[in-house]
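Working notes, structure below.
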Amino acid sequence: MATYFVGDIQGCFDDLQHLLQQANFDPRQDQLWLTGDLVARGPKSLETLRFVKQLGSAAVTVLGNHDLHLLAIDAGLAKLNPKDKTQAIFAAEDKDELLLWLRQQPLLAYHDEFNIIMVHAGISPQWSQQQAKQYAEEVNEQLHGDNYLALLENMYGAQPDYWQEELQGFDRLRFIINAFTRMRFCAPDGQLEFHNKHSPATNNNIQHIPWYEVAGTHLDGAHVIFGHWAALEGHCSHKNATTLDTGCVWGNSLTMLRWDDKAVFTVPCPIYAT
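Numbering-wise, the numbering used here puts 1191 at position 50 of the sequence shown, and it's gapless, one number per residue.
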């Protein structure tokens, strides 16, 4: 049995299949862990959802910002981004089944044997890993419950951008969601910054640094695997974190890591996002 971790698919279904063939992935004995953003700019978001869902226990995925946005669109709480190619999902006969399954997925997944935490964007530098697990569960409970529409309606926005334990209600849940699904750069004190999507090498704002370079205990303990930040091109400066979004949808590559022996598999991708 082998355990594979793969970066953001974003509907690049054919590229995912090529990657799995290259690695000889066998769902009867292997596991595939996905860093979220199963859907969005690629051409086959519907096929991607169906495939990951039908893998059953052979697949573990976390929610990304595009996945949450898809749920909000379906609920009539947000508008479809013209750049997203998810229309086929809303016309599919199995749409309700697929989106119910998607809504049940967590913000954080923990691999007990390998001591790995997988999230979409990262862990707030203001949290410990134990706190991250607790806060992710707070959102999971709301998202899985009967009042999930209120959460989807109130999850948008960039405030608050600084964590305080005293935060309550949707302000608290919004910060948690933003940290797990949208975060890239932070101020040295952990304040979130949402506008800069460049790589650290081309970052001209010295007031902001990558979340994984901020001092804190958020990377003490389990190894953290994340996606979301294609501009990193698979490079992370912290020894206890690994990034796997290598921008397949932007014409770069799709990357998968077999954790057992640290083998890396990649396939080049056409440009899908325009």
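Note that the Cβ used here is the ideal one computed from N, Cα and C, for glycine as well.
Taken atom to atom, the span from the alpha-carbon of G1183 to that of C1389 is near 9 angstroms. Scanning the stretch 1235 to 1302 for uninterrupted alpha helix (DSSP H) segments of 4 residues or longer gives 1236 to 1244, 1270 to 1285, 1289 to 1295, listed from N- to C-terminal end.
Inclusion of H1210 and Q1245 in the CB contact set at 8 angstroms is not warranted, their separation being larger than that value.
By the Cβ criterion, the stretch 1221 to 1241 is not in contact with the stretch 1341 to 1357, since fewer than three pairs of Cβ atoms, one from each stretch, lie closer than 8 angstroms. Between H1376 and E1279, the alpha-carbon positions lie close to 31 angstroms from each other.
The beta-carbon distance between V1260 and T1227, rounded to whole angstroms, is 22 angstroms. This is too long to meet the 8 angstroms contact definition.
Taking all protein chains in view, the Cβ of Q1305 is surrounded by fewer than 16 other Cβ atoms within 10 Å, so the residue is classified as exposed.
P1247 is not a Cβ neighbour of V1193, given a cutoff of 8 angstroms. For S1186, the uninterrupted alpha helix (DSSP H) segment begins and ends at 1186 to 1195. DSSP lists L1173 as the beta-bridge partner residues of A1200. In the three-state reduction of the DSSP assignment, W1391 falls in the strand class, which pools E and B. The way I'd put it, the stretch 1352 to 1360 doesn't touch the stretch 1292 to 1310; fewer than three beta-carbon pairs between them come closer than 8 angstroms.
In the DSSP annotation of this structure, the continuous segment of the beta strand (DSSP E) that includes H1364 starts and ends at 1364 to 1367. The three-state secondary structure of T1322, taken from DSSP, is helix. For the pair L1221 and A1199, the CB atoms are not nearer than the 8 angstroms cut-off. Taking every protein chain shown into account, the CB of G1310 has fewer than 16 other CB atoms within 10 angstroms, so this residue is exposed.
Where F1146 is concerned, the enclosing beta strand (DSSP E) starts and stops at 1144 to 1147.
Per DSSP, A1382 is not a residue of any alpha helix (DSSP H); the beta strand (DSSP E) it occupies stretches across 1382 to 1384.
Our two residues, L1360 and A1273, have alpha carbons roughly 11 angstroms apart in a direct line. An exposed status is given to I1412, since fewer than 16 other beta-carbon atoms sit within 10 Å of its beta-carbon. Beyond the five residues adjoining it in sequence on each side, A1320 comes within less than 6 angstroms, by CB distance, of S1265 in the same chain, given in chain order.
Nearest to A1216 by C-alpha distance, out of K1224, R1313, K1236, is K1236. The alpha-carbon of T1407 is positioned some 9 angstroms away from that of Q1163. Excluding sequence positions up to five before and after Q1283, its CB lies within less than 7 angstroms of the CB of Y1289, L1292, L1314, all in the same chain and listed in chain order.
Within the stretch 1201 to 1227, the runs of alpha helix (DSSP H) that reach at least 4 residues and sit entirely inside it are, in chain order, 1206 to 1215.
Looking at the DSSP output, T1343 sits in no beta bridge, so it has no partner there.
Here DSSP, grouped into helix, strand and coil, assigns R1313 to helix. Excluding five sequence positions before and after D1208, the CB atoms of its chain that fall closer than 7 angstroms to its own CB belong to G1177, D1178, L1179, V1180, L1243, given in chain order.
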